[in-house]
Amino acid sequence: MSQGTDASLTAPHTLSYTYKRSLGPLLGRFFTGLRDRQILGAKRADGSVLMPPKEYDPDTSAALDELVPVGPGGVVKSWAWVSAPRKQQPLDRAFAYALVQLDGADTAFLHVVDAGEESAMQTGMRVTARWSDEATGQITDLTFIPEA
Amino acid sequence: MAELTGVIGIGQTKYAAKRDELSMPGLLREAAERALEDAELTWKDIDAVVIGKAPDMFEGVMMPELFLVDAIGGAYKPMLRVHTAGSVGGSTAIVAASLVQSGVHDRVLTVAFEKQSESNATWALSIALPFSVATVAGAGGYFAPLVRGYIRRSGAPEDTGIRVAVKDREHALKNPLAHLHLEDISFEKVANSPMLWDPIRYLETCPSSDGACAMIFANEKLADRSDKPVAWVHATEMKSEPTMFSGRDQVMPRAILDNAKSLYKKAGIQNPREEIDCAEIYVPFSWFEPMWMEGMLFAPTNEGWKMTYEGATKLGGDLPVNCSGGVLSSNPIGASGMIRFAEAALQVRGMAGEHQVEGAKKALGHAYGGGSQYFSTCIVCSEKP
Amino acid sequence: MRDVAVVGFSQSVSLRRERNRNEVEILIPVLQELREATGYTNEDLEFVCSGSSDYLAGQAFAFVAGLDAVGAWPPVCESHVEMDGAWALYEAWVKIQMGYADVALVYGFGKPSMGDLPITMALQLDPYTVMPLWPDAISVAALQARLCLDGGVMTDRQMAEAAVRDRAHAKSNPHAQVAGDFDVEGILSEPYLVSPLRKHDCSPISDGASAVLLASSNRAGDFSKRPAWIRGIEHICEPQDLGVRDLTRSRSTEIAAEKAGVGAGRIDVAELSAPFSHQEILVERGLGLGADTTVNPSGGALAGNPLMAVGLARIGEAAARITNGEAERAVAHATSGPCLQQNLVCVLEG
Amino acid sequence: MSDEATEDLRVLRMPVELDYTYSAGRSASRFLRAIQEGKLLGQRCPVDGKVYFPTRGACPQHGMPIDGEPVELPDTGTLVTYSIVRVPSANIPLELPYVAVQVLLDGADTVMMHVLGECDLETVHMGMRVRAKWKPKEEWSTSVANILYFVPLDEPDAAYDSYKEHI
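Chains as they are written, first to last, in this note's numbering: chain W, 68 to 215; chain A, 6 to 390; chain H, 17 to 366; chain B, 109 to 275.
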């Protein structure tokens, strides 16, 4: 009967949906670039280059429309070692999230470095883009690896 | 005590099933830029930003305002995110107005949006939870039994809803931003459209739209500088009640009646039908026009349908309702309430274009949400109180 | 400006996993306690505002049920922000400023234990270029922590000291989740959770709720013998993009603190809602606090972090210390978004 | 080259999958444990004595906890209002069209939402008397789905005045 226990009943509940993200012209070009294995940053009015590109300057809200190639190499500005990746995360082995400043870009962007082990990571190290076999135009087409 | 506040800028996107040529920031931006242009201001002139939208699951971003804020001039400024179910667009505008009315800020930009093409609203609204049986198919499934309740108690003729649908879709033809432009709309066409949630037919329901709406509120001193007409905020009101309790009148909730009384009192309105020139009412299913005519005290109990029948709510009638085409013609859910407020303001500014009500001076904006339990309303006027 | 005060505060115990109760059942005793402490009735409430997030519950319109706990009948003037309850308090403060209300009820609630919170928080990030990588909240904070450490902005010893201090303070807080005597050396010898963050650098995941009663000077005396007056309240939002912000300081806290007038006098007590130890240090600095301020006498967010209620609880805790005479002037802080993107600062006086 | 290769990308597909452990709460759990045994439990509001069905943690009208002894209700009631649903919904596995109903169980003061079965669509009307059709006992679990649907009872309709307050 109901007096048996006071604990709440629980059950698994999964929220699952595949969203359709429309990109707009600037991000459309950026992701098309990734599909073609090219990384593009956005040029701001002062000449500096934002990576990842944004349609609107984060500080001034000015519209941005010029994209310029950056990378594929860059410098790790910061990193966090993920020793036990979750199922959603891009690699199923330990890896680093890193803030990578690509050559030609003035801002660092958050991405993944597949370094094998933590001791291979260091702030200031150089990394380079590794493309997945079939680039489809998504941010996950890329992974970074320590530069040889 | 409150500072006198006016609407000095309004911007709306074109509403459509899919604005897939735009990102989310691009969508907000289209509305916000138009509002800035209307107000003849730049991003720097804005003191604070208020963002509104319906559930985050529609776009699959948790608190999307956090990544959107800088696209609409909000970097290093105060930003608030409002969510009060379907009434959110109205509530968001009220929060923005309050920031000026309180004297906290001089000029505030508010944007409400929904990008429904990123997902499926019926999915997000009917997420099946464990232990329960999902029987309510989206908003239509929820509201259809209440519409049946209204028909039963009012004795309204069964074609009342059809007449509302025809009228709002005809109005939409005069609004270039409206999502639905059904050139060949007719009584027969609506009557013969499929029943979805009996007694609600396909053409008596709102579409699912992408879109954003923006408004700029300013205090009296700054609004007086505007070269364009200003819509002065005479009163705003919000009322909520629980979704269910024993004896709750879901068809004609006390929250809307209380909201109407309080709003009119604040605005100094004795006879709303006489004094208000036009209204933008949240009507997602056609039958809610007669229902809310009663709820907003334009008609006696059980007689709201007569206004529809007599043509009072048509452009040219004595209380034109939803001259923009209303929610029945454009429904980016999170923005739909703000569009009502913005369209009311456009009317009293004389800037509604082809769907302008001639000589409109005083207008009502209305939004509702949840299980007919959240209400937000405003009275705007071409003249100061 | 009208004088507005916090005249009552209540909160639930922070629990890692509330096994028995749903959100409404968590909230009900919190509101009951507030009613008993202040004597307010629903007739007094001219405005009600709440803060919560649908994604914590995994369902749309999760906040609607909160109204059940209020007993919103006859209908109430009510609003909701998809933000921490601290911002709901701000909206209520605005309503009182404009003369719309004299008395307002504010509450926040969250039950993040139902999901995998760090991964849920990834949904806050730019949905095009960042979120698809699913950076969990701890990793994102760790990126900031390393920038601070590598940049010489702070040491991991200072981070450990913040954690030790908070958890020691929390021993006297019956609502805290993580309390006790820890030592810095011990913490520093522990393994990393996500390097360079150790478990102690992170706030716990907490289920809970908090509520505050606000009143203007017309009514404050009806509910409290010693109201905590809000002398300044401000909040600022930064762009989200991690690469364009200087993550080794909290610019938005600095701006909000200046506008709220934190520096106008000695601050006896500060209650900070920073969910990571390095962020607590950044907020402390952003507020310009000196050595004469007691930071987090309740333990702060590192001792209990009921998301959506935690910031409001900081305002309540700071106010409670004014009301009980421990402090004359206090500051409370709330935050939202990755790496302290958005911050609210509230200055209270006796 | 195909158009797809030359045109810029417009829309990306982005899967989001989050796992939760849904928790029914104390009060609903009491109801669910009872329905597993075929019992329907309501509870009285401590203020006005109205019977809330299913049991819930609070009376929303008064903001008071409902923690008194449960009230067991029969599985018969009155169809208060309804809609015939002819539009599919991603999360609802029912065959179209179906009748979504609000049923006021005898002795309850709040309605429950469910569906109606074994009934011609033309004959559905407000005020109909109905009874729960249960799944076979061996399939009962802690779910409202133990009731497959409601079926019409061969009884005179309830008077409109007896249920009009529940619409």
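Where is the CB? At the ideal position from N, CA and C, for every residue including glycine. Note that the coordinates shown come from a computational prediction; the quantities given were computed from them, not determined experimentally.
Grab the span of the beta strand (DSSP E) containing residue i for me, first residue to last.
{"i": "residue 134 of chain H", "result": "Premise fails: residue 134 of chain H lies in the alpha helix (DSSP H), 133-136, not in any beta strand (DSSP E)."}
{"i": "residue 224 of chain A", "result": "215-224"}
{"i": "residue 127 of chain B", "result": "119-131"}
{"i": "residue 140 of chain W", "result": "140-149"}
{"i": "residue 284 of chain A", "result": "283-285"}
{"i": "residue 230 of chain A", "result": "Note, residue 230 of chain A: premise wrong, no beta strand (DSSP E); not H, not E."}
{"i": "residue 210 of chain H", "result": "208-210"}
{"i": "residue 157 of chain B", "result": "Counting along the chain, residue 157 of chain B falls outside any beta strand (DSSP E), and DSSP gives it neither H nor E."}
{"i": "residue 344 of chain A", "result": "Run containing residue 344 of chain A: none in the beta strand (DSSP E); it sits in the alpha helix (DSSP H), 338-354."}
{"i": "residue 221 of chain B", "result": "220-224"}
{"i": "residue 384 of chain A", "result": "379-386"}
Please look up how many angstroms separate the CB atoms of residue i and residue j, rounded, as I've assumed it's under 8 Å.
{"i": "residue 294 of chain A", "j": "residue 332 of chain A", "result": "With 8 Å as the limit, residue 294 of chain A and residue 332 of chain A do not qualify as a contact, their Cβ atoms being about 10 Å apart."}
{"i": "residue 193 of chain W", "j": "residue 149 of chain W", "result": "Incorrect: roughly 21 Å between the Cβ atoms, too far for contact."}
{"i": "residue 85 of chain W", "j": "residue 168 of chain B", "result": "With 8 Å as the limit, residue 85 of chain W and residue 168 of chain B do not qualify as a contact, their Cβ atoms being about 36 Å apart."}
{"i": "residue 147 of chain H", "j": "residue 138 of chain H", "result": "6 Å"}
{"i": "residue 378 of chain A", "j": "residue 231 of chain A", "result": "At roughly 37 Å, the Cβ-Cβ gap does not stay under 8 Å, so residue 378 of chain A and residue 231 of chain A are not in contact."}
{"i": "residue 274 of chain B", "j": "residue 219 of chain B", "result": "5 Å"}
{"i": "residue 343 of chain A", "j": "residue 220 of chain A", "result": "7 Å"}
{"i": "residue 103 of chain H", "j": "residue 251 of chain H", "result": "7 Å"}
Locate the alpha helix (DSSP H) running through residue i, then write down its first and last residues.
{"i": "residue 254 of chain H", "result": "Looking at the DSSP string, residue 254 of chain H is not in any alpha helix (DSSP H), and its letter there is neither H nor E."}
{"i": "residue 21 of chain H", "result": "It is not in any alpha helix (DSSP H) - residue 21 of chain H instead sits in the beta strand (DSSP E) that spans 20-27."}
{"i": "residue 144 of chain H", "result": "Element bounds for residue 144 of chain H: n/a, residue is neither H nor E."}
{"i": "residue 17 of chain A", "result": "No alpha helix (DSSP H) contains residue 17 of chain A, which is instead part of the beta strand (DSSP E) from 10-17."}
{"i": "residue 207 of chain W", "result": "Neither: residue 207 of chain W is in no alpha helix (DSSP H) and is coded neither H nor E."}
{"i": "residue 129 of chain A", "result": "126-130"}
Does DSSP put residue i in a helix, in a strand, or in coil?
{"i": "residue 80 of chain W", "result": "strand"}
{"i": "residue 164 of chain H", "result": "helix"}
{"i": "residue 210 of chain B", "result": "strand"}
{"i": "residue 241 of chain A", "result": "strand"}
{"i": "residue 278 of chain H", "result": "helix"}
{"i": "residue 23 of chain A", "result": "coil"}
{"i": "residue 311 of chain A", "result": "helix"}
{"i": "residue 325 of chain A", "result": "coil"}
{"i": "residue 355 of chain H", "result": "coil"}
By Cβ distance, which residues of its chain are closer than 6 Å to residue i, with the 5 residues on each side in sequence left out?
{"i": "residue 370 of chain A", "result": "285, 345, 346, 349, 383"}
{"i": "residue 161 of chain H", "result": "212, 213, 294"}
{"i": "residue 227 of chain B", "result": "260"}
{"i": "residue 161 of chain W", "result": "150"}
{"i": "residue 79 of chain A", "result": "54"}
{"i": "residue 256 of chain A", "result": "151, 154, 155"}
{"i": "residue 48 of chain A", "result": "78"}
{"i": "residue 157 of chain B", "result": "none"}
{"i": "residue 22 of chain A", "result": "none"}
{"i": "residue 4 of chain A", "result": "Residue 4 of chain A falls outside the range modelled here, since chain A spans only 6 to 390, and no answer is possible."}
Apart from the five residues on each side of it in sequence, which residues of its chain come closer than 8 Å, Cβ to Cβ, to residue i?
{"i": "residue 69 of chain W", "result": "Reliability fails at residue 69 of chain W, whose pLDDT of 36 lies under 50, so the model's placement of it is uncertain and the value that follows must be treated cautiously. So the list is empty, once near-sequence residues are dropped."}
{"i": "residue 243 of chain B", "result": "253, 254, 255, 256"}
{"i": "residue 105 of chain A", "result": "8, 10, 111, 112, 113, 222, 223, 224"}
Which residues in the same chain as residue i place their Cβ atom closer than 7 Å to its Cβ, once the five residues preceding and following it in sequence are excluded?
{"i": "residue 322 of chain A", "result": "316"}
{"i": "residue 135 of chain H", "result": "150, 152"}
{"i": "residue 336 of chain H", "result": "25"}
{"i": "residue 258 of chain A", "result": "246, 377, 378"}
{"i": "residue 140 of chain H", "result": "353, 354"}
Does the region 193-213 of chain B come close enough to the region 140-149 of chain A that 3 or more CB-CB pairs lie under 8 Å?
-> yes
On the three-pair Cβ rule with 8 Å, is the region 50-59 of chain A touching the region 76-88 of chain A?
-> yes
The region 105-122 of chain A contacting the region 26-44 of chain H, beta-carbon criterion three pairs below 8 Å = Contact between the region 105-122 of chain A and the region 26-44 of chain H is absent: fewer than 3 CB-CB pairs across the two stretches fall below 8 Å.
Can we say the region 95-104 of chain W touches the region 141-151 of chain B, given the rule of at least three CB pairs closer than 8 Å?
-> no
Do the region 99-113 of chain W and the region 62-76 of chain A meet, that is, are 3 or more Cβ pairs less than 8 Å apart?
-> In the pairwise beta carbon analysis, the region 99-113 of chain W is classified as not touching the region 62-76 of chain A: fewer than three pairs are separated by under 8 Å.
Specify whether the region 198-214 of chain W and the region 282-291 of chain H touch according to this definition: at least 3 beta carbon pairs, one from each stretch, less than 8 Å apart.
-> no
Give a yes or no on contact between the region 256-264 of chain H and the region 125-133 of chain H, applying the rule of three or more CB pairs nearer than 8 Å.
-> no
Count the C-beta pairs between the region 92-104 of chain A and the region 164-171 of chain H that are closer than 8 Å, then say yes if the count reaches three, no if not.
-> no
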